Every structure is written in structure tokens, then in C-alpha cells.
Amino acid sequence: MLNRVQREKEKGFIFIQGQSSMAKETIGLDIGTHSVKLVSFTRNAQGLFLTHARMKEIPPGKEEEDRSFLSEVVKALFREAGLSPGKARLTVSGPEVTIRRLLLPSMPKAELLEAARWELKEQLPFPVDSARVDFHVSREWVEGDSKKLDLIAVACPVQKINQVLAIAAKAGLAPTHLDVAPFALWNTLLHFHEAAKEEEIALIDLGAQRTGIYIFQKGDLQFSREIVPAGADLSRAIQEGIDPTEAPSLLFARAERIKHAIGIPVKGPYEKIEGESISIAKISFLLRPLLEKLVAEIVRSLDYYKSHFAVERVSRVFLTGGGANMKNIAAYLSDELHIPVERFNPLGQVSFTPQQIQAPRVEEVGPALAVAAGAALSQPQRIELLPPRESFGTRLRRGKTLSVLAALIVGILFASVVGSLNSRVTRLQKEYDTRMAQIKDLEVLPEKLAALKVKEMQLKQDLSYFSTTQILPGLFREVLREVRRLVPGNVTLTLLAVQTKSQPFPQESPVKEARELQLTGLAFGSDAQCLAALAQIIEGIEKSPRFKNARLVAADENRSYTRPGVQFVLVCEILLEGAKGKGSI
């Protein structure tokens, strides 16, 4: 019998606590995104007893990313409950957890696991090789001459599992079981609601970041899906209507308080909320789109289940999670779904001392602790996501293997050092031979230098025979100045080339060979502005004393820049003497 029961509500957490001098205590821990929940039971000849039920909120902005902070929250939760960190049964949840139904032929369990992994390969949003996979055989039957199996396979990325285990390890916990939230809720439903074995029941878990929809057919999980919106989305919607004069975290906390105080507003007229600038009518307006989306997703899930499992209707809906405590949520969903909807409080079914624990408080926090309660129930254990433990013999054999490997590695390292020294000696010998050959090559450099000087003198002599009129740097400078004068402000040149009429001229081309100037560029602006700019350039060329015969070779629209523009190519002849009618170069 319980000899001490304590109830307390403190800032950031609530708990119910009792003690039993009999039987072993099992602890279930649910590490969520909004809070960490803990439930523990003892079982003896008199039945199941609740010994601890506690929930501690995680401050906004300190969700799963900060593992060290979450470990401190878990340690604080155990400390406040008067428990020493030790063995605990954990759960993992979130969009990463994938649950699929598989139909397979009967085979040994070891082969079933590989077959399940193979079937899941194309159905997972992550590589199956990076996930832990386990399964539960839901049903066996004979079809023709072969035996068939109906499996519920669960896959979770190893990274997600390691994250949960790292939080537990930093908190000093020794995990004995790792379940998934839907299976923990399955345990809770079967243990605390006997009628679940005979009915079609939908369990909707209203969490902070996700809403889980789980449908059970006569005690078996048949459908699992996670959707949005969830509780945090409703709070953020209310936050949009609050005067943003505070920090975002404080605004969110205010929105949470308003959500819990008002819930889903019933039909008006509405009164003003004391101490808040936002009205109930505005809250109703802000929440309505999210609530309608929530109902639509639930209806879609129920319709899918009924069509695929040949079921006429779901008899009732249970609500769990922190969102189940929202005022009017059950009545609202019942009206919209046309199905009886009620809060599901597993702790209301557990024995405790009513003279010391206030039953209304148990009724209030029970739905939020449903996952932790299911994890604390040791039976049935359908899946296990904890990495397998090695046996003592395996560890011993691994130790011997490591000794042999260590000796082998030492030998390999010694041989590697000897080989490295030999190769280094060989490399140094090659470097020595190379340097000696280079020294011999340097001895002939004076002779080569003298020969080069002779060639230089010969080239200078040959160069003196060329006419100086072939070198026209002054003329080309004038051409560049003239081009710069002709180009408008909205034009950018990308290429300026002097060429013969057939191809770009070589430096040794005759001076009097006809040459053209090619202008390639971009004109920016509207079509009219671009055409005006091109016309201005062509007119300037025709009037210039240095050019004649201007031609627009190409003009195309260019969309490579943020401004509209035209890419163009202009060609004109260059006049040698700077006057129209004289020879061109």
C-alpha cells in the first residue's frame, strides 16, 4: 500500500508522487520538444500503482538542438522527483520515425528483419542503411498453400536514436528499452481501456510540434500518421494578434497562457480578456484557419482508413497530449467529425491514495503523460530500437582479437618505417644525381649567352630596314579618343578590335591594307533608348574625320543583366590621314 503520496505544483513543472515499499519500479521517460515527461509504476499482488508523474517544460528556443540543456532538464526532473538517475524506458518520436505495414510470406525471424529492411528501402525518406529497423507481427494467416505475415515495421535514423541516447547518458540514465511514441500509446490504450480490444478507435495525440493520428482496430494498430498543425502553431497564431512590444519568447509565452485560458472560443458574443489587448473574437479569427486544416487532415486520415480497411466508421476518438487540455477542443472536434470525442486520461485508471492526491489534478495532467505512461508499462514489448548489447563472450573474443591486431599493427608500422627509410635514401640519391647534371648544364651557359647576344644584334639590324610608318601608335591613340567621345552614357563597350576586312590583321601586315574598327557592346534602357544610342554612335562615326562606312552588323536583346538592354556589333573603316576621301588604313 502506498505509505506516502505528495502532490505539488511548481513553476515550470507539475508532479504526483507516491512510494511503495513493494515491487520493482519502472520509469518511462518521454523527451518531447515542449516538455519532458516522467511516469513510474510499481506492480505487486494488489495491481499497478502510480509512484511518480511529473512534467517539466523546456524553455522556448531550447528544443532538441541543445542536447546538453535537455540533459540538464532531465536531471532536474529526476532530482525534483526525488529519484536517482538509473534505469529508464525511453521513447523516440518525431517526423523521422517511420511506421509501415508490410505483407510478407512466412520465414524465420532473422530473415524477416532483412526482408523488412528490403521492403522499406523504397519507402523511407532516408537511407535504410542509416536506420534501426524492427517489426511486430500483427497477424498470421494462410492463403492457399502458403502462410502469410502482416508486419508493422518501424524505422528510425540512427542519428535520431543516438541523439536521444546521448541526452539520457549525459543525464546519468541507463536506458533499458527504446520505444516509439505510437507503440507507447498503444500500450497505454490497451492497458487502461479494455473496450479498445473490441472497437474501432482513433487516438489523436495533440503535441507541441506535431499531431499524431493513430487508428486501432480491435486492439491492433492499423494506421499511423503525423500531421500539422499542432499546439505550437496555435500559439504562434495567437501571438500574431498580440502587440509586439516584448521579446519573441515572452510573446510566445503570453500566447500560450491565452491559449490555455481561452482554448477554442465558442460562439459569441465575446468578452474582452482581462489584462490583454487582444479580444476573444480576434483569437477565434486567428485560430479558425488552423483548426479547419486540423479537422481536414483528420477527416482525410479517417476516410483513408475506412476505404483501405473496409470499415464503415470509427466508433470514437480519444485525445492525448498537452493539447487535449485545451478548452472546448473535444466538443469542437466532435461537432466537426460527427464522432464522439473525449480526453483520454490513463492516470485516472491507476490506483493511488485519493485522500492524499487530488483527483482533479490527476485528471488535468493525465493526457499529456500518456506516452511516458505507455513507456513505463513493461508489457507488451513489441519493438526494440536500442542497439543490441554484446555478450560477455563476444567482448572477450573481441579483446583477444584486439591484442592480435595490436601486435600486427606494430609489425606493420615497423616494416613501414624501414621501407620509408629505404625509399628516402633512394630519393636522396636521385636528387644528388639530378643536381650534378644541372651543374654540368650550367657550365655551357656562357657559350649560349654569347650566341644569344649575336642573335640580338642581328635582329636589331634587320629591324632597322623596316619603315617607321608601319608603327602608328599615335594614330591608334587618336582612334581610341574618338571612340570614347562617340559612345553615349548608356552604352558599355565589351570589345574593341582593329582588323582587316577579312580577318584580324597580324602585326606584319602592310600599312596600307584596308582596316576596320569593330565595336561590340551593350546598350541599356528601353527599346527606344537603345535604338537612339546606336543611331547616335553611327551618326558620330559618319561625321568623324577618322572613320567612314559605319555598319550595324548585329543587334540582339540581352537579358543577362537586371536592366533591359541590346547587345550590338558595329563595324567601320579607319581613315589613315584623318580626312574623308583619303586612303584608309
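Positions in the sequence shown are counted from 1; adding 604 to them yields the working numbering. Glycine included, every Cβ here is placed at the ideal spot set by N, Cα and C. Being a predicted model, the structure only gives us computed values, none of them experimental.
Distance from Phe739 to Ala757 at the Cβ level is roughly 4 Å; contact confirmed, criterion being Cβ atoms closer than 8 Å. For Arg705, the enclosing beta strand (DSSP E) has its first and last residue at 702 to 709.
The beta-carbon distance between His781 and Leu990, rounded to whole angstroms, is 7 Å. This is short enough to meet the 8 Å contact definition. Going by beta carbons, Gly927 and Gly816 fall outside the 8 Å limit. Rounded to whole angstroms, the separation of the alpha carbons of Gln1133 and Leu891 is 53 Å.
DSSP places Gly632 in no alpha helix (DSSP H) but in the uninterrupted beta strand (DSSP E) bounded by 629 to 635. In the DSSP assignment, the residues bridged to Lys752 are Pro709, Trp745. The alpha-carbon separation between Asp809 and Leu941 amounts to approximately 16 Å. The beta carbon of Gln1033 sits closer than 8 Å to none of the beta carbons in its chain outside the five residues before and after it. Residue range 824 to 831 is occupied by the beta strand (DSSP E) that includes Asp824. If one requires a minimum length of 4 residues, the alpha helix (DSSP H) runs lying completely within the region 938 to 980 are 963 to 969, 974 to 980, in chain order. With fewer than 16 other Cβ atoms from the protein chains shown falling within 10 Å of its own Cβ, Ser672 counts as exposed. Under the three-state reduction of DSSP, Glu1051 is assigned to helix.
In this structure, Arg721 is the residue among Arg721, Glu726, Asp733, Val903 with its C-alpha nearest to the C-alpha of Leu755. Ser828 counts as buried, since no fewer than 16 other beta carbons sit within 10 angstroms of its beta carbon. Between the alpha carbons of Pro761 and Ser1007 lies a gap of roughly 33 Å.
Distance from the CA of Arg986 to the CA of Ser1020, rounded to the nearest whole angstrom, comes to 52 Å. Around the Cβ of Thr1098, a 10 Å sphere holds fewer than 16 other Cβ atoms; the residue is exposed. By the Cβ rule, the region 830 to 846 counts as touching the region 854 to 870, because three or more pairs are nearer than 8 Å.
By the criterion of at least three beta-carbon pairs nearer than 8 Å, the region 787 to 796 is in contact with the region 973 to 986. Linking Ser1027 to Val696 through their CA atoms gives a straight-line distance of about 55 Å. Nearest in C-alpha terms to Leu937, of all of Ser710, Pro950, Leu923, Asn949, is Leu923. The DSSP-derived three-state label of Tyr1165 is coil. Counting C-beta pairs with one atom in each stretch, the region 1153 to 1161 and the region 1077 to 1096 have fewer than three that are closer than 8 Å, which means they do not touch. As for any alpha helix (DSSP H) of minimum length 4 sitting wholly inside the region 853 to 935, the runs are 884 to 912, ordered along the chain.
In the DSSP annotation of this structure, the continuous segment of the alpha helix (DSSP H) that includes Arg671 starts and ends at 671 to 685. One thing to note: Ala979 has its Cβ within 8 Å of the Cβ of Leu694. Secondary structure note for Leu789: its alpha helix (DSSP H) is the uninterrupted segment 785 to 796.
Beta-bridge partners assigned by DSSP to Ala735: Pro761.
Counting every other CB atom within 10 Å of its CB across the protein chains shown gives Gly925 a total of 16 or more, marking it as buried. DSSP, read as helix, strand or coil, puts Gly816 in strand.
Looking only at Ile902, Leu898, Leu807, the smallest Cα-Cα distance to Val921 is reached by Leu807. Per DSSP, the unbroken alpha helix (DSSP H) holding Glu1143 starts and ends at 1131 to 1147.
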